[in-house]
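What follows is a set of notes on a single structure, which appears directly below.
Protein chains: 2
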Amino acid sequence: MVTIAIDAMGGDNAPAAVVNGVNLAIHAFEDIQVKLFGDEAQIREHLKVQERVEVIHTTEIIEAEDEPVIAVRRKKDSSMVRAARAVKEGEADVLLSAGSTGALLASGLLVVGRIKNIDRPGLMPVIPTISKEHPQFILMDAGANADSKPINLLQHAILASYYAREVLEIKSPRVGLINNGTEAGKGNDLSKAAYELLSQEESINFIGNIEAKELLNGSVDVAVTDGFTGNAILKTLEGTSKSVFKAIKGALTSGGMKTKLGALMIKDALADLKDNFDDTKAGGAVMLGVKGAVIKAHGSSNEEAIFNAIRQARKVTNSGVINQTISFFED
Amino acid sequence: MVTIAIDAMGGDNAPAAVVNGVNLAIHAFEDIQVKLFGDEAQIREHLKVQERVEVIHTTEIIEAEDEPVIAVRRKKDSSMVRAARAVKEGEADVLLSAGSTGALLASGLLVVGRIKNIDRPGLMPVIPTISKEHPQFILMDAGANADSKPINLLQHAILASYYAREVLEIKSPRVGLINNGTEAGKGNDLSKAAYELLSQEESINFIGNIEAKELLNGSVDVAVTDGFTGNAILKTLEGTSKSVFKAIKGALTSGGMKTKLGALMIKDALADLKDNFDDTKAGGAVMLGVKGAVIKAHGSSNEEAIFNAIRQARKVTNSGVINQTISFFED
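So the sequence lines, in the order shown, correspond to chains A and B. Counting in the working numbering, the final residue of the first sequence is number 1806, and the numbers go up one at a time with none missing. Counting in the working numbering, the final residue of the second sequence is number 1806, and the numbers go up one at a time with none missing.
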């Protein structure tokens, strides 16, 4: 049985979307049980399942505006911190929240706790590509750290490779370093130093530099970069695909009769495709480098996105990846 | 009369595409004259105009694999370096090349020469948005510098604001700092320090932080960031829009009869839109901070892209923006 601690109050559509996602997941997976942390009355309003669900009433909520570290230290009865404590104390296997990313990272670091010898945990979303052979890649670090050091990139490459192997079931995940050119020797001071470390690491399959324009082609399974650049890349990916689809919709609806009719005929194919570029389908971003599984669902998650994140939480737990990363770094 | 020094041998399709672009431009603009640097026999093979075109035979070519600074120092009779020298010596107003970006930046720095008090020149493409009101924005620095300092970002914001005012004719260009969150105080060490400098600068209209996902919405006219992040953003933008259009093409051609028929009907509307996301339409990227106009056309430029870059070179020269930046920083 996988026990999932869920912050019911996190996210733009909380608690309704979160609780509805739980309703779906409890039906779909017989081997999970859920601990829902949040305002009990509000949760009960949406909760349609009784079996394998426990509601734990909490009195505080961490808001998007809260300064993450201060909020996690002070709001000890917040839904997020209580859920994190459940993982810390072994009452749950995995923490899931659609709340403030900064606060969730702080909860992971301060409550769940860092793995010994890990300098800084990282945040990694799994992003869909347009390649049939390699339909996804991991972006690591997507923003857990504003200022990264070479050792962070090395440790993140190792952590993400574990995830790719154990959860995504990729045998020998190809690790690329995001850089401003493909040749060895390219880059800024950080990426040059990281290149050296990655080249020497025997536990990973490092294939060299990769330019960001190649990411969606499936050229690597794990793309490593510092948290600031990773964050910019993730947001550019999201913004660009959203903008292109928006522009297409605009062009098709403002066109002539022929265009409008054509648009109607391709509507379904286009909607399926748009779904492909929607990274909430793959679940949430995973925080690696802490002594428990921590999953961040999109702030705008609807019940389907929460359902997908719960499915992912189950898979991550069953894979044993967290214990493997602990063994690797603490031994 | 605007005199344009063109590296005929730079780019994937050189010299044919470059010379054909010149053929078009000489017909279109009566107030330009062109100095074409490169292999005379090869140039003459494609050149269809005689008036206002001078061919200057050169014996060397800087290749993509060449180490930029070494190549610029040693290949003194290369088409790129000779064209740069023409600008340096006042024989031409503006330098245009589709060759190696690194070598062109080195030519700008070492041959054309840095403006006094400018720490590091920057490279700025003009990128189309999906906003009707604000159809483009400047990304600065898109990769001239791998490691940037706060002062570079400030100077780049000033330089790009001049360009936005004088060339793009935007009255009070809105400058945003690309960051990992919109709140003041967000960011890495570099962006926090740059935020302070930008806030205090009275010659620009600084509106605060911007996240990369907002860039294509036209939220700012000038988006400032360090050269490493800017390069990653530019390449992610290019890669993502290319991938989405490729995926759409795939989905429409592999669909059923209805989808295929619909695809045929929207073909033109989609092609127009794809053109919109093609940044070669806007011309090339401009290197600012040197004592002459330097324009980098895409390596894959066809004759139309070269034509657009020549049109831009003419506009930049006529705007007087380079002399204005020299006055601002040297005074």
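Glycine included, every Cβ here is placed at the ideal spot set by N, Cα and C.
Along chain B, which residues have their Cβ under 8 angstroms away from the Cβ of residue i?
| i | result |
| --- | --- |
| T1715 of chain A | L1691, T1711, L1712, T1715, S1716, V1719 |
DSSP on residue i, reduced to helix/strand/coil?
| i | result |
| --- | --- |
| A1480 of chain B | strand |
| R1589 of chain A | strand |
| Q1508 of chain B | strand |
| I1741 of chain B | helix |
| V1544 of chain B | helix |
| H1502 of chain A | helix |
| P1625 of chain A | helix |
| K1437 of chain B | Since the first residue of chain B shown is 1476 and the last is 1806, residue 1437 of chain B is not available in this structure. |
| E1520 of chain A | helix |
| V1642 of chain B | coil |
| I1807 of chain B | In the structure displayed, chain B extends from 1476 to 1806; residue 1807 of chain B sits before or after that span and is not available. |
| I1708 of chain B | helix |
| H1609 of chain A | coil |
| I1536 of chain B | coil |
| I1801 of chain B | helix |
| S1554 of chain B | helix |
| N1777 of chain B | coil |
| S1674 of chain A | helix |
| I1679 of chain B | coil |
| S1572 of chain A | strand |
| R1549 of chain B | helix |
Chain B partners of residue i, CB-CB under 7 angstroms?
| i | result |
| --- | --- |
| G1662 of chain A | A1621 |
| T1704 of chain A | F1703, T1704, A1707 |
| L1736 of chain A | M1740 |
Which chain A residues sit within Cβ distance under 8 angstroms of residue i?
| i | result |
| --- | --- |
| I1545 of chain B | In chain order: nothing, as chain A lies at least about 13 angstroms away. |
| N1783 of chain B | Those within 8 angstroms of N1783 of chain B in chain A number zero; the least Cβ separation is about 21 angstroms. |
| I1723 of chain B | I1723, L1745, L1748 |
Taking the C-alpha atoms as reference points, what is the distance between residue i and residue j?
| i | j | result |
| --- | --- | --- |
| I1536 of chain A | G1574 of chain A | 9 angstroms |
| E1520 of chain A | G1737 of chain B | 45 angstroms |
| V1719 of chain A | K1607 of chain A | 21 angstroms |
| K1790 of chain A | G1485 of chain A | 22 angstroms |
| T1468 of chain B | H1532 of chain A | Past the edges of chain B, shown from 1476 to 1806, lies residue 1468 of chain B, and the structure says nothing about it. |
| V1509 of chain A | E1542 of chain A | 28 angstroms |
| V1544 of chain A | E1676 of chain B | 32 angstroms |
| I1481 of chain A | A1669 of chain B | 39 angstroms |
| F1782 of chain A | G1660 of chain B | 35 angstroms |
| K1766 of chain B | V1699 of chain B | 21 angstroms |
| D1506 of chain B | K1735 of chain B | 48 angstroms |
| N1495 of chain B | L1739 of chain A | 41 angstroms |
| R1649 of chain A | I1501 of chain B | 50 angstroms |
| A1559 of chain B | I1770 of chain B | 11 angstroms |
| D1701 of chain A | V1497 of chain B | 43 angstroms |
| A1768 of chain A | K1563 of chain A | 10 angstroms |
| I1633 of chain A | I1602 of chain B | 36 angstroms |
| A1707 of chain B | I1682 of chain A | 19 angstroms |
| H1609 of chain A | G1565 of chain A | 35 angstroms |
| D1806 of chain B | S1647 of chain B | 22 angstroms |
| I1685 of chain B | F1804 of chain B | 27 angstroms |
| T1657 of chain A | K1710 of chain A | 22 angstroms |
Nearest to residue i by CA position, among the options, is which residue?
| i | options | result |
| --- | --- | --- |
| A1503 of chain A | A:I1518, A:N1488, A:E1526 | A:E1526 |
| L1748 of chain A | B:D1487, B:K1624, B:I1723 | B:I1723 |
| D1753 of chain A | A:E1713, A:K1766, A:L1739 | A:E1713 |
| G1662 of chain B | A:I1590, A:K1667, A:G1577, A:K1661 | A:G1577 |
| Q1630 of chain B | B:V1642, B:R1640, B:D1616 | B:D1616 |
| L1643 of chain A | A:A1491, A:V1477, A:Q1787, A:T1478 | A:Q1787 |
| E1778 of chain A | A:L1522, A:F1512, A:M1476 | A:L1522 |
| L1614 of chain A | A:A1500, A:S1775, A:V1761, A:G1730 | A:V1761 |
| E1689 of chain A | A:I1653, A:G1705, A:F1703 | A:I1653 |
| T1728 of chain A | B:I1741, B:G1731, B:A1726, B:K1717 | B:I1741 |
| T1792 of chain B | B:L1763, B:F1803, B:D1743, B:I1605 | B:L1763 |
| T1800 of chain B | B:F1681, B:T1657, B:A1639, B:G1565 | B:A1639 |
Report the neighbours of residue i on chain A: residues whose CB is nearer than 7 angstroms to its CB, in chain order.
| i | result |
| --- | --- |
| E1686 of chain B | K1710 |
| K1733 of chain B | M1740 |
| G1618 of chain B | N1655 |
| L1727 of chain B | I1741, A1744 |
How would you list, in chain order, the residues of chain A whose beta-carbon sits under 9 angstroms from the beta-carbon of residue i?
| i | result |
| --- | --- |
| A1559 of chain B | Correct list: empty, because the minimum Cβ distance to chain A is about 22 angstroms. |
Please list the partners that residue i has in chain B, where partner means a Cβ-to-Cβ separation under 9 angstroms.
| i | result |
| --- | --- |
| I1633 of chain A | Here the premise fails: no neighbours, minimum Cβ distance about 22 angstroms. |
For the stretch 1746–1774 of chain B, which residues have a CB atom closer than 8 angstroms to at least one CB atom of chain A, in sequence order?
-> D1747, L1748, N1751, F1752
If you measure beta-carbon to beta-carbon, which residues of the stretch 1652–1681 of chain B are closer than 9 angstroms to chain A?
-> I1653, N1654, N1655, G1656, E1658, K1661, G1662, N1663, D1664, L1665, S1666, K1667
When you check each C-beta in the stretch 1778–1802 of chain A against every C-beta of chain B, which residues fall closer than 8 angstroms?
-> none
Just by C-beta distance, which residues in the stretch 1583–1606 of chain B are closer than 7 angstroms to chain A?
-> I1605
Interfacial residues, the stretch 1500–1524 of chain A to chain B, with Cβ spacing under 8 angstroms | none
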